[in-house]
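So the structure is just underneath, and the comments pick up after that.
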Amino acid sequence: MHILSRESSSLSEAAYSRIRSMIITLELEPGSLISESALMSTLKMGRTPIREALRSLANEKLVEVYPRRGMFVSRVDVANLSQLSETRAVLEIKAAELAATRSTAADQEITKALIKEINAIKGDLDMPTLIGLDQRIHHHIYQCTHNEFLASALDNYYAHALRIWFLALDRVEHLADAIIEHRALLEAIASNDPKAASKAMKEHVEGFESEIRKSL
459 MHILSRESSS LSEAAYSRIR SMIITLELEP GSLISESALM STLKMGRTPI
509 REALRSLANE KLVEVYPRRG MFVSRVDVAN LSQLSETRAV LEIKAAELAA
559 TRSTAADQEI TKALIKEINA IKGDLDMPTL IGLDQRIHHH IYQCTHNEFL
609 ASALDNYYAH ALRIWFLALD RVEHLADAII EHRALLEAIA SNDPKAASKA
659 MKEHVEGFES EIRKSL
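Take the sequence shown: its letter number 148 is residue 606 in our numbering, and every next letter is one higher.
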């Protein structure tokens with residue numbers, strides 16, 4: 459068994475995070491051949507952490523491996539939107555409920571800080587900033603469940619949903635409004651109200667699917 463050292467593990471995690479972001483934002487084009495040497499040059503990293511990262515991303519179905527052909531960025535199939543939404547509707551709603559009942563004092567400090575960020579949103583915020591805030595909100599809610607299996611699964615499904623979002627980004631309207639909708643969700647979590655948190659998350663996931671469908 460090959461066991462990574464702490465340093466190589468840290469490098470692999472950094473490579474994983476960066477490549478995953480490049481795939482989600484479509485910086486690495488769906489269906490394109492992945493060049494390890496190009497990634498090594500871009501990320502200023504060696505081959506080992508790049509390969510470890512790509513293996514992890516293949517497990518998340520963000521990378522596809524074909525023997526004797528190489529590794530490819532997985533394609534974005536909008537036909538998966540319904541299945542993703544069905545899955546997220548179940549898991550995200552449960553996550554919101556758990557977050558409202560399990561949040562620690564430290565979690566609540568972050569929740570309140572995120573609410574302040576939403577309250578400060580102006581109409582001129584750029585898309586990357588808004589999407590970055592959306593990612594941080596969802597990741598925080600997943601962490602507030604204190605269930606690592608649920609959080610990991612949701613991170614993966616959210617990544618695939620985001621790829622569809624980026625595909626339609628230039629046609630998506632009311633993005634800022636969609637982010638602001640998170641305020642009710644976060645306020646419910648801050649108030650330890652699982653029923654209100656579940657309701658707010660259900661409306662958000664359904665609204666996401668509806669908005670994307672109108673844009674595709």
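Note that the Cβ used here is the ideal one computed from N, Cα and C, for glycine as well.
CB-CB under 6 angstroms to residue i, same chain, minus the five flanking residues each way: which ones, in chain order?
i, result
"Ser514", "Tyr474"
"Thr569", "Leu644, Ile647 and Ala648"
"Ile595", "Leu572 and His640"
"Ala511", "Ser470, Ala473, Tyr474 and Ile477"
"Ile481", "Leu520 and Val531"
"Pro507", "Leu469, Ser470 and Ala473"
In terms of residue numbering, what span does the beta strand (DSSP E) encompassing residue i cover?
i, result
"Gly528", "Gly528 to Val531"
Our contact map puts residue i next to residue j with C-beta atoms below 8 angstroms; I'd like the distance itself, whole angstroms only.
i, j, result
"Ile670", "Leu539", "6 angstroms"
"Leu486", "Leu549", "Between Leu549 and Leu486 the Cβ distance is about 26 angstroms, and since that is not below 8 angstroms, they are no contact."
"Met529", "Ile492", "4 angstroms"
"Asp613", "Tyr600", "6 angstroms"
"Ala626", "Ser673", "4 angstroms"
Once the 5 residues before and after residue i are set aside, which same chain residues still bring their CB inside 8 angstroms of it?
i, result
"Ser463", "Below a pLDDT of 50, predicted positions are generally treated as unreliable, and Ser463, at 38, falls in that range; no measurement from the model is reported."
"Met459", "Since pLDDT at Met459 reaches only 34, below the 50 mark, its modelled position is unreliable, and no value is offered."
"Gly665", "Ala636 and Glu639"
"Arg509", "Glu494"
"Glu575", "Leu591"
Could you check where the alpha helix (DSSP H) with residue i kicks off and where it finishes?
i, result
"Val548", "Leu539 to Arg560"
"Glu664", "Pro652 to Ser673"
"Glu522", "Per DSSP, Glu522 belongs to no alpha helix (DSSP H); it is in the beta strand (DSSP E), Val521 to Tyr524."
"Thr500", "Glu494 to Leu501"
"Lys570", "Ala563 to Asn577"
"Ser514", "Arg505 to Asn517"
"Thr587", "Met585 to Cys602"
"Asp613", "Glu606 to Leu625"
"Glu485", "Taken as a continuous stretch (DSSP letters only), Glu485 belongs to no alpha helix (DSSP H), as it is neither H nor E."
"Glu645", "His640 to Ala648"
Closer than 7 angstroms by C-beta to residue i: which residues in its own chain qualify, once you throw out the five before and the five after it? Chain order, please.
i, result
"Ala558", "Ala646, Ile647, Asn650, Asp651, Pro652 and Ala655"
"Lys660", "Ala547 and Ile551"
"Ser490", "Phe530 and Val531"
"Gln566", "Ala648"
"Ala611", "Leu549"
Is the CB-CB distance between residue i and residue j below 8 angstroms?
i, j, result
"Phe624", "Thr483", "yes"
"Cys602", "Arg533", "no"
"Val521", "Ile622", "no"
"Ala617", "Glu518", "yes"
"Ala642", "Ala554", "no"
"Tyr615", "Leu556", "no"
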